[in-house]
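J.: Got a structure for you, questions after.
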Amino acid sequence: MTRSSSSLASHVAGTGPLPGWSLTAGGGGLVIGRDRHKTPVVLQLLRPTPTRVVLVGQLSFAQLFVLRTIALGARAIVQTIWSREWSTLVQRTGIGPDHLLYVAPGEALPPTATAARPEVVILDVGAVNWASVTTSCNWRTTVVVRHELTQVDTELLGSADVVLMQPLTTAEAAIAAPALGVAPAEAWLSRISGPMVTIASQGTMRWATLDPTELELRTIGAPIRFPAPA
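All residue numbers for the sequence shown refer to this note's numbering, where the first residue is 8 and numbers rise by one.
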């Protein structure tokens with residue numbers, strides 16, 4: 008990705024989602040995808056207590072995540088250094104600032120999340136650690152997006168409540184597996200197929216196929232991190 012210096016904070020859009028963006032939830036949670044039995048894999052994302060999430064993968068995966076949290080009733084707040092790339096989400100959906108707000112990286116966020124209007128804060132700003140991020144607001148989920156993993160991400164991964172990972176490289180898997188307490192399953196982190204994600208939490212893992220809808224595909228494209236081998 009090429010960093011863009013243009014600002015998203017001043018972007019003016021409509022006040023609500025376009026028709027067609029409907030609830031994407033199952034059992035009160037966010038549907039990440041489906042398991043091998045075609046059963047929805049649900050993540051209890053919007054919780055009374057502060058929640059830390061790390062999302063590893065392509066921009067399209069992060070944007071899919073944002074769209075589904077908005078459909079679930081949350082307000083998404085995006086802080087990013089990739090402003091040009093993220094601006095297309097507003098342009099293609101018409102989702103306005105009541106549901107999707109862009110703020111400058113590093114800008115302090117007031118504790119406005121409530122049970123009636125939970126918030127999901129997306130930090131797509133490069134390498135960070137939890138000590139530098141305010142995560143003390145109830146009914147707010149903070150999601151750090153990493154487009155690639157390096158050794159500096161060890162603490163970030165190990166201290167997250169949930170980690171969502173598209174297929175990793177073998178080098179990334181060697182970093183993530185011990186940090187997450189799943190070293191015996193390291194090979195699977197890089198072996199899963201392109202449409203799949205690993206969901207790691209408290210030393211356990213689940214897998215899901217993202218299964219985007221036709222509307223999601225038209226809006227953000229296929230959320231695939233690595234192309235299939237020729």
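Just so it is clear, CB atoms sit at the ideal spot from N, CA and C, and this is done for glycine as well. These numbers come from a predicted model, not from an experiment.
Assess, as a yes-or-no matter, whether the segment 75 to 83 is touched by the segment 120 to 138 under the definition of 3 or more beta carbon pairs within less than 8 angstroms.
T.: With the cut-off at 8 angstroms, the segment 120 to 138 and the segment 75 to 83 touch.
J.: If you count every other CB in all the chains shown that lies within 10 Å of the CB of V151, and 16 or more means buried, which is it?
T.: The residue in question, V151, is buried, as its Cβ has 16 or more Cβ neighbours within 10 Å.
J.: When DSSP labels each residue in this structure, what does E193 get in the three-state scheme?
T.: DSSP places E193 in helix when its eight states are reduced to three.
J.: When burial is assigned at 16 or more other CB atoms within 10 Å of the CB, is W93 buried or exposed?
T.: Counting Cβ neighbours within 10 Å, W93 comes out buried, since at least 16 surround it.
J.: Between which two residues does the alpha helix (DSSP H) containing R99 stretch?
T.: From DSSP, the alpha helix (DSSP H) with R99 extends over 90 to 100.
J.: Distance check for L108 and T161, CA to CA, integer angstroms please.
T.: C-alpha separation (whole angstroms): 29 angstroms.
J.: Output the distance between the C-alpha atoms of G103 and L96, rounded to the nearest integer angstrom.
T.: Cα to Cα, the separation comes out at about 10 angstroms.
J.: DSSP puts A207 in a beta bridge; with which residues?
T.: Note: A207 sits in a beta bridge opposite V170, M212.
J.: Please list, in chain order, all residues of the same chain as L52 whose beta carbon is under 6 angstroms from its beta carbon, the five residues on each side excluded.
T.: Hits under 6 angstroms: L37, T148.
J.: Mapping DSSP to helix, strand and coil, what is R82?
T.: R82: strand per DSSP, three-state reduction.
J.: Consult DSSP for D160 and reduce its assignment to one of helix, strand or coil.
T.: Looking at D160 - three-state DSSP - the assignment turns out to be helix.
J.: CA-CA distance, H154 and Q65?
T.: Going by the C-alpha atoms only, they are around 6 angstroms apart.
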